[in-house]
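**Student:** The structure's right below; bear with me while I get my questions together.
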Amino acid sequence: MSYQSQTYTFVSHQEDLERHLLDASVVDREQLAVAKRWQERQEGPLLMILLQLSFIDLHQFSGLLDWSAQG
Numbered sequence: 001m002s003y004q005s006q007t008y009t010f011v012s013h014q015e016d017l018e019r020h021l022l023d024a025s026v027v028d029r030e031q032l033a034v035a036k037r038w039q040e041r042q043e044g045p046l047l048m049i050l051l052q053l054s055f056i057d058l059h060q061f062s063g064l065l066d067w068s069a070q071g
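For the sequence shown, the working numbering gives the first residue as 1, with consecutive numbering after it.
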């Protein structure tokens, strides 16, 4: 798999995750925007950033990992 297709897959997956987080009311738009700004600075996975910022708890984190593995 090329770097470009890996990048597209990552971006597409993150967009799906963001949509799921908002649709399921796990976070609100403001929290998501803050987390994405932190993600740009730290270059880490969005779920880890949300956990670090205490926007999600460990139980939600685990469920979201399961959700993302299915996608």
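Yeah, the Cβ is synthetic: ideal placement off N, Cα and C, and Gly gets one too. Being a predicted model, the structure only gives us computed values, none of them experimental.
Alpha carbons only, please: which of L64, D23 and D28 is nearest the one belonging to P45?
**Tutor:** If we check each option's Cα against that of P45, L64 comes out closest.
**Student:** DSSP on F61, reduced to helix/strand/coil?
**Tutor:** F61 falls in the helix class under three-state DSSP.
**Student:** Kindly provide the ranges of any alpha helix (DSSP H) runs that are 4 or more residues long and lie completely inside the region 23–67, ordered along the chain.
**Tutor:** Runs found: 29–42 and 46–52.
**Student:** Short of 7 Å in beta carbon distance, which residues of its chain neighbour W67, apart from the five on each side in sequence? Order them along the chain.
**Tutor:** Closer than 7 Å at Cβ, skipping near neighbours: H20.
**Student:** Whole angstroms are fine: how far does the CA of Q42 sit from the CA of L17?
**Tutor:** C-alpha separation (whole angstroms): 18 Å.
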